[in-house]
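Beneath this line is the structure, given in structure tokens, with notes to follow.
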Amino acid sequence: MLTYPNIDPIAISLGPLQVHWYGLMYLLAFLFAWGLATYRAKLRTGWTSDMVSDLIFYGALGVVIGGRVGYVFFYGFEQFLANPLWLFQVWTGGMSFHGGFLGVMIAMLLWCKKYQMTWFQTLDFIAPCVPTGLMFGRIGNFIGGELYGRPVSDPNFALGMIFPTDPLQLVRHPSQLYQALCEGLILFIVLWWFSSKPRPRMAISALFLIGYGIARFVVEFFREPDNGQLFIAWMSKGQFLTIPMILIGIWMLWYAYQKKVYDWGPLKNN
8 MLTYPNIDPI AISLGPLQVH WYGLMYLLAF LFAWGLATYR AKLRTGWTSD
58 MVSDLIFYGA LGVVIGGRVG YVFFYGFEQF LANPLWLFQV WTGGMSFHGG
108 FLGVMIAMLL WCKKYQMTWF QTLDFIAPCV PTGLMFGRIG NFIGGELYGR
158 PVSDPNFALG MIFPTDPLQL VRHPSQLYQA LCEGLILFIV LWWFSSKPRP
208 RMAISALFLI GYGIARFVVE FFREPDNGQL FIAWMSKGQF LTIPMILIGI
258 WMLWYAYQKK VYDWGPLKNN
């Protein structure tokens, strides 16, 4: 069994100014996305640094607003009704991937309108830059001791640990790290490799939906269900919300290779 590294949630404290690890992880997520997108823009025609900066800015707004609103309405609506101001207490934790995903989709539509780009041209460009952000977000969850895993069947399980925020003090899976690995690092490697060559329109976005959906669905078996309750039968709400992503992604991938439309510019070094 591992010992949970009880890290101070405040990463930097300068007088009244306090920077929480949770916020710092979001900052790293956006910085990595900006760096990766800037690199991709240099390899492709039709993309400028200003476009990339605006794209990351729009995406950041979509993640934060959509993620928080999605979490409140998907997982904490009763708490919101009791205290509506809780919606704005982002520093306390509580962000939904599915809400953030919807927020980013809306933000990308606004960005596309500004730059006269097609939606999937934009999504295919930015999709490989997203998993590193998910990785940092899950590391932030781990440091904050939130969204921990289900109890392990064997108390001596090598990766098991007791989270100080767990009122039951049970030995649990560090599911945040499982998600950081699967939804973050592994998905990043797959998407970065896949997008290194021109692909049909929608194919990269489709692979992101499928890859994230499968990773999230599997890891949810090790993660404590939100509010401690399964959504239906053996399925958590996270798994239920992920199923449409996988099905839509499979259809998009099939459609992309049926149409074989390449509309987002060749690699400059080809």
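This note's numbering puts the first residue of the sequence shown at 8, with every later residue one more than the last. Built from N, CA and C at the ideal position, the CB exists for glycine as well.
- Tyr264 is positioned such that its CB atom lies closer than 8 Å to that of Ala210.
- C-alpha of Phe228 to C-alpha of Ala44: approximately 33 Å in a straight line.
- In the DSSP assignment, Ser203 falls outside any beta strand (DSSP E) and carries neither an H nor an E.
- Counting of Cβ neighbours within 10 angstroms places Trp118 among the buried residues, the total reaching 16 or more.
- Assignment of beta strand (DSSP E) within the region 81-142, counting only whole runs of 3 or more residues, yields no such run.
- A straight-line Cα-Cα distance of about 44 Å links Ser60 and Gln176.
- Distance from the Cα of Pro12 is smallest, within the candidate group Asn148, Ala222, Pro207, for Asn148.
- Ranked by how close their Cα comes to the Cα of Asp57, the residues Gly191, Trp41, Ile150 have Trp41 in first place.
- Taking a C-beta distance under 8 Å as the contact criterion, Ala36 and Gly144 qualify as a contact pair.
- Looking only at Gly74, Leu31, Phe108, Val79, the smallest Cα-Cα distance to Leu216 is reached by Phe108.
- Listed as beta-bridge partners of His27 by DSSP are Ile17.
- CA-to-CA, the gap between Thr125 and Arg208 works out to about 10 Å.
- Here Ile19 is exposed: its Cβ has fewer than 16 other Cβ atoms, across all protein chains shown, within 10 Å.
- Counting along the chain, Val226 sits inside the alpha helix (DSSP H) bounded by residues 210-226.
- Under the three-state reduction of DSSP, Gly167 is assigned to coil, being neither helix nor strand.
- Under the DSSP assignment, Gly256 falls in the alpha helix (DSSP H) whose first and last residues are 244-266.
- Excluding the 5 residues flanking it on each side, Ile63 has same chain C-beta neighbours closer than 7 Å at Phe37, Ala40, Trp41, Ala44, in chain order.
- With a 10 Å radius around the Cβ and a threshold of 16 neighbouring Cβ atoms, Pro135 comes out buried.
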